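In full-length UniProt numbering, the protein residues as written are 1 to 273. Positions of the beta carbon are idealized from the N, C-alpha and C atoms, including for glycine. Since this is a predicted model, take the numbers as computed values, not measurements. To start, the structure under review is shown below, and the notes come after it.
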Amino acid sequence: MKLTIIGASGSFPGPGSPASCYLVTAEGPDPGGAPGSRKTWRILMDLGNGALGTLQRYMALDDIDAVLLTHLHPDHCMDLCGLHVAIRWNPYGWKGIHVPVYGPAATADRMATAYGLDPDPGMHPDFDFHHWQANVPVSVGPFTITPVPVRHPIDEAYALRLEVTEPGPDGEPVHRVLTYSGDTDTCDGLVEAARDADLFLCEAAFQEGRDDGIDGVHLTGRRAGQMATDAGARRLLLTHLPVWTDPLAASIEARETYAGDLAVAVSGVTYRV
């Protein structure tokens with residue numbers, strides 16, 4: 001399983017990165033190919049504003065196998081409107097699948113409203129909308145994805161736990177876990193979602209001494225580190241830093257509470273899980 005950072009800027013695109021979007025790939029059976037054939041599956045965790053352009057540096061849009069939305073703030077979902085245009089109005093036709101979109105119950109109506117469409121049919125001709133059910137896993141190719149409710153000021157917000165079993169170096173099956181926090185403050189759900197994760201992609205939008213008095217919105221680097229420690233996560237990758245949050249300060253804060261492998265997500269970098 002590989003994670004490519006498309007966008008890691010918090011709240012809105014920054015000068016060097018779009019807003020939240022993460023491309024995750026893994027090898028798995030190809031249901032449309034010959035018996036026993038395999039393909040690279042490509043799923044997106046969030047599709048925030050500015051992400052769709054950068055994404056095309058790394059893949060063709062019609063190779064998207066699914067979009068997974070953690071919540072419906074624009075910096076996590078708004079470029080779904082652009083993907084709708086790519087599907088609906090490509091003069092050469094859309095060569096990909098009817099794209100599954102997993103998200104909160106209001107996703108289809110929110111996207112239709114954002115684009116000024118009547119909700120019926122809205123974007124249903126372009127996307128196959130699925131509603132998350134808290135803590136109920138879904139399968140997309142080789143991925144098992146479990147949405148876990150977290151603490152953020154919106155009707156539904158989820159952390160996502162992605163699990164894949166792949167052949168290891170010696171050919172034996174190896175189980176890998178990637179957890180993405182979405183947007184959240186500290187909560188038990190986040191710890192459970194990240195339990196024993198091989199890689200914990202965790203937001204750290206706030207900063208100690210500046211925002212630590214704000215409850216129920218975002219994590220600081222220190223809070224993110226504590227969540228990773230409580231979960232026993234093997235690696236911590238800080239993300240969703242807005243332009244006014246210093247990556248070095250976030251890292252220093254996280255190191256106070258987390259002793260494992262630590263880095264800050266950078267747009268364009270790929271990590272092996």
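Between the C-alpha atoms of residue i and residue j, what's the straight-line distance to the nearest angstrom?
i	j	result
residue 244	residue 13	12 Å
residue 158	residue 35	36 Å
residue 113	residue 119	7 Å
residue 53	residue 88	17 Å
residue 121	residue 108	10 Å
residue 257	residue 95	47 Å
residue 273	residue 161	13 Å
residue 186	residue 223	7 Å
residue 274	residue 111	Absent from the structure is residue 274, since the part of the chain shown begins at 1 and ends at 273.
residue 202	residue 184	9 Å
residue 15	residue 133	36 Å
residue 131	residue 68	10 Å
residue 41	residue 209	42 Å
residue 154	residue 60	32 Å
residue 179	residue 252	22 Å
residue 74	residue 214	21 Å
residue 218	residue 205	6 Å
residue 56	residue 91	18 Å
residue 171	residue 22	28 Å
Between which two residues does the beta strand (DSSP E) carrying residue i extend?
i	result
residue 29	21-29
residue 263	261-264
residue 124	Looking at the DSSP string, residue 124 is not in any beta strand (DSSP E), and its letter there is neither H nor E.
residue 276	The requested residue 276 is not part of the displayed model; the chain covers only 1 to 273.
residue 101	99-103
Looking only at its chain, what residues have a beta carbon closer than 8 Å to the beta carbon of residue i, apart from the 5 residues adjacent to it on each side?
i	result
residue 136	146 and 147
residue 166	1, 26, 27, 142, 173, 174 and 176
residue 182	46, 70, 71, 76, 150, 152, 157, 158, 159, 160 and 203
residue 259	229
residue 261	234, 235 and 236
Take residue i and list the residues in its own chain whose beta-carbon comes closer than 6 Å to its own, dropping the five residues that flank it on each side.
i	result
residue 8	17, 239, 265 and 267
residue 104	72 and 156
residue 127	99 and 101
residue 231	191, 194 and 195
residue 270	2 and 4
residue 24	3 and 43
residue 163	144 and 177
residue 212	220
residue 255	none
residue 11	75 and 242
Within a Cβ cutoff of 7 Å, which residues of the same chain sit near residue i, ignoring the five residues on either side of it in sequence?
i	result
residue 192	148
residue 78	48, 49 and 114
residue 62	94, 95 and 96
residue 81	111, 114 and 115
residue 190	150, 159, 181, 184 and 227
residue 86	61
Just to confirm the assignment, what range does the alpha helix (DSSP H) spanning residue i have?
i	result
residue 245	Run containing residue 245: none; DSSP gives neither H nor E here.
residue 227	221-231
residue 110	107-115
Below 8 Å on the Cβ atoms is my guess for residue i versus residue j; work out the distance and round it to an integer in Å.
i	j	result
residue 140	residue 65	6 Å
residue 123	residue 84	5 Å
residue 31	residue 38	Incorrect: roughly 10 Å between the Cβ atoms, too far for contact.
Enumerated in chain order, which unbroken segments of the beta strand (DSSP E) with a length of 3 residues or greater are wholly contained in the segment 52-87?
As far as the segment 52-87 is concerned, its whole beta strand (DSSP E) runs of at least 3 residues are 66-68.
Suppose only complete runs of 4+ residues qualify. What are the alpha helix (DSSP H) ranges in the segment 148-219, listed by chain order?
Complete alpha helix (DSSP H) runs here, min 4: 188-193.
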